[in-house]
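Numbering (this note's numbering), first residue to last: 2 to 603.
All C-beta atoms in this analysis are idealised placements derived from N, C-alpha and C, irrespective of residue type, glycine included.
Keep in mind the model is a prediction, meaning the values are calculated, not measured.
Here you go:
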């Protein structure tokens with residue numbers, strides 16, 4: 002217990018030796034620390050330091066081993082290959098897998114043949130596949146536990162030469178047909194995570210359409226929407242001048258776009274999250290180490306996209322917002338129109354998601370449908386559920402804060418399909434608070450909502466100017482500097498840039514192959530692990546350590562918030578006319594909460 006300074010001075014008068022030494026910074030006196038507390042903390046600190054650097058060494062060695070193995074999918078389930086799209090007439094680097102076993106449990110006896118298959122598509126946003134199934138508490142694990150046959154769409158580290166976004170979409174459609182044919186024509190329940198969600202939405206909205214329910218998890222469909230000062234990713238393209246930088250990066254990569262760049266952008270969006278990850282590992286080494294290594298195997302497994310594919314994504318979606326506006330052309334005679342979606346949609350979003358906020362997940366609905374009556378006349382059923390705090394990746398991994406939502410979605414498939422056309426919010430009542438509770442312990446209800454109440458802040462004129470500037474700058478780059486870079490780039494120069502990327506160098510530097518002296522830390526760490534001397538968080542020095550880490554976290558957060566507000570200011574200065582539509586960061590009006598149909602957005 003920390004003692005008041007006045008009390009420590011009184012003890013000093015009595016000749017107490019530790020107190021007579023003086024008062025420590027921060028308001029404690031030295032006598033408030035027992036000698037045992039100091040010595041035990043020092044020993045624990047030294048041991049944690051050894052284990053921390055040893056963990057970073059293990060992460061780097063795991064990264065190199067994963068790369069040498071060809072970066073296989075990081076699935077915690079056995080599977081068989083059904084289709085390899087690299088052998089298609091128009092090859093792409095995708096494959097369809099069927100989940101066959103978890104551990105020593107064969108799935109054939111526990112699957113329900115009456116249930117439709119589930120097909121999970123992971124995002125291709127710089128990482129490799131696996132976030133939807135790299136642990137038991139994931140979308141794959143939950144679907145298997147509920148008795149659904151599960152198929153998983155993966156991709157390989159290198160794109161097929163010249164593969165386009167249209168090629169990928171045609172491949173996904175072929176996968177859907179294959180899964181359906183294996184289950185008596187039943188359309189699969191489609192799970193689209195993040196960018197895979199918009200791919201499923203495009204397939205459902207093209208000239209052929211899709212049958213079967215689609216679940217869009219953290220999927221952006223309205224790229225210009227967002228909260229001012231809180232979702233800076235939507236304005237970053239304008240501040241960087243649009244798509245030309247993506248074009249330049251792809252040219253320097255000899256026609257390949259390095260996935261390490263978007264992963265670095267993800268970390269830059271929330272740098273306090275990066276600090277928290279390492280600080281939490283250091284402070285709680287004994288409980289966090291394995292989880293840290295498991296997650297990092299996926300996080301730093303960087304994959305590549307083709308130049309053509311990446312440019313189409315940036316120009317049509319992130320910059321042009323063409324999906325919402327009906328401007329994406331898949332084939333010469335087929336333009337995507339979101340009004341053509343007739344299969345039921347379930348949209349899972351979170352206000353804790355700084356990559357795909359609810360604004361981007363739901364903002365397209367009032368753009369496509371003028372009113373609730375318009376949505377009903379179109380015969381569409383859209384169900385959404387919003388988690389108040391789970392992060393972007395937590396939606397897919399199905400951590401304890403999101404696991405119940407995925408169970409409830411699968412349990413409610415028939416109810417959703419039986420809903421009358423309209424817009425609904427899915428509500429889950431779980432008095433136990435346990436995400437793994439029995440089916441009878443929670444209840445699901447669907448409350449009707451109004452399209453007219455879905456109003457998010459936006460500044461469309463400014464983003465249209467961004468699209469125009471982007472097109473001009475990319476045209477200028479393509480006709481000048483781009484020609485020289487494309488001619489000069491070679492596979493060797495691209496490989497050098499790949500190895501020198503900051504996201505790789507910051508990991509490789511701890512690998513034993515690059516720092517042989519780190520080999521010496523392994524036996525020391527093994528000895529420390531065998532005889533750990535853990536101090537609890539209640540130790541006064543350990544408590545101060547945690548407080549210091551929290552203070553740094555708060556400082557980084559405040560700095561990031563100022564940076565984000567600066568982004569908004571300069572974006573408005575460059576592309577806006579007066580104040581941007583919507584309110585400033587932190588204003589409740591920019592974070593709407595839907596009320597019942599008779600109410601309004603609060």
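Whose C-alpha, out of the options, is nearest the C-alpha of residue i?
i           : options            : result
residue 225 : 315, 209, 299      : 315
residue 441 : 129, 412, 543      : 412
residue 145 : 456, 424, 506, 408 : 408
residue 404 : 305, 147, 336      : 147
residue 457 : 121, 190, 140, 229 : 229
residue 211 : 186, 227, 49       : 186
residue 504 : 477, 302, 246, 389 : 302
residue 285 : 172, 569, 535      : 535
residue 202 : 90, 221, 184       : 221
residue 216 : 512, 209, 197      : 197
residue 204 : 339, 571, 269, 72  : 339
residue 183 : 574, 83, 247, 450  : 83
residue 288 : 542, 53, 431, 255  : 53
residue 395 : 431, 410, 354      : 354
residue 469 : 379, 356, 242      : 242
residue 418 : 467, 343, 521      : 343
My output table needs one value for residue i: the three-state DSSP class, helix, strand or coil.
i           : result
residue 126 : coil
residue 323 : helix
residue 166 : helix
residue 449 : strand
residue 266 : helix
residue 397 : helix
residue 536 : coil
residue 42  : helix
residue 370 : coil
residue 93  : coil
residue 510 : coil
residue 550 : helix
residue 29  : Residue confidence is low: residue 29 scores 49 on pLDDT, short of 50, so the model does not pin down where it sits. No coordinate-derived value is stated.
residue 78  : coil
residue 430 : strand
residue 139 : coil
residue 99  : strand
residue 465 : helix
residue 212 : coil
residue 349 : strand
residue 423 : strand
Classify residue i: buried if its beta carbon has 16 or more other beta carbons within 10 angstroms, exposed otherwise.
i           : result
residue 601 : Here the model assigns residue 601 a pLDDT of 27, short of 50, so the residue's position is not dependable, and the following value carries that caveat. Exposed, because fewer than 16 other Cβ atoms sit within 10 Å of the Cβ of residue 601.
residue 36  : exposed
residue 172 : buried
residue 47  : exposed
residue 501 : exposed
residue 305 : buried
residue 372 : exposed
residue 166 : buried
residue 45  : buried
residue 7   : Unreliable positioning characterises residue 7 in this predicted model, as indicated by a pLDDT of 41, which lies under 50. A coordinate reading is not provided.
residue 347 : buried
residue 70  : exposed
residue 59  : buried
residue 209 : exposed
If you measure between the beta carbons of residue i and residue j, is that distance less than 8 Å?
i           : j           : result
residue 359 : residue 382 : no
residue 214 : residue 154 : no
residue 132 : residue 397 : yes
residue 276 : residue 557 : yes
residue 310 : residue 349 : no
residue 42  : residue 435 : no
residue 495 : residue 257 : yes
residue 121 : residue 93  : no
residue 76  : residue 135 : yes
residue 72  : residue 158 : yes
residue 271 : residue 561 : yes
residue 329 : residue 323 : yes
residue 219 : residue 194 : yes
residue 320 : residue 244 : yes
residue 152 : residue 117 : no
residue 462 : residue 326 : no
For residue i, verify whether its CB is less than 7 Å away from any heavy atom of the ligand SAM.
i           : result
residue 271 : With respect to the ligand SAM, the structure shown offers nothing to examine, as it has no ligands at all.
Counting contacts by CB-CB distance shorter than 8 Å, is residue i in contact with chain D?
i           : result
residue 516 : No chain D is present in this structure, which holds just one protein chain.
Below 8 Å, how does it come out for the stretch 548–558 and the stretch 296–304: are there three or more Cβ pairs, yes or no?
no
The stretch 384–392 / the stretch 414–427 touching (three or more Cβ pairs under 8 Å)
At 8 Å Cβ cutoff, the stretches touch.
Examine the Cβ distances between the stretch 563–572 and the stretch 61–72 and report whether three or more of them are shorter than 8 Å.
no
Any contact of the stretch 479–486 with the stretch 244–254, i.e. 3+ C-beta pairs under 8 Å?
Yes: the two stretches touch, three or more of their Cβ pairs being nearer than 8 Å.
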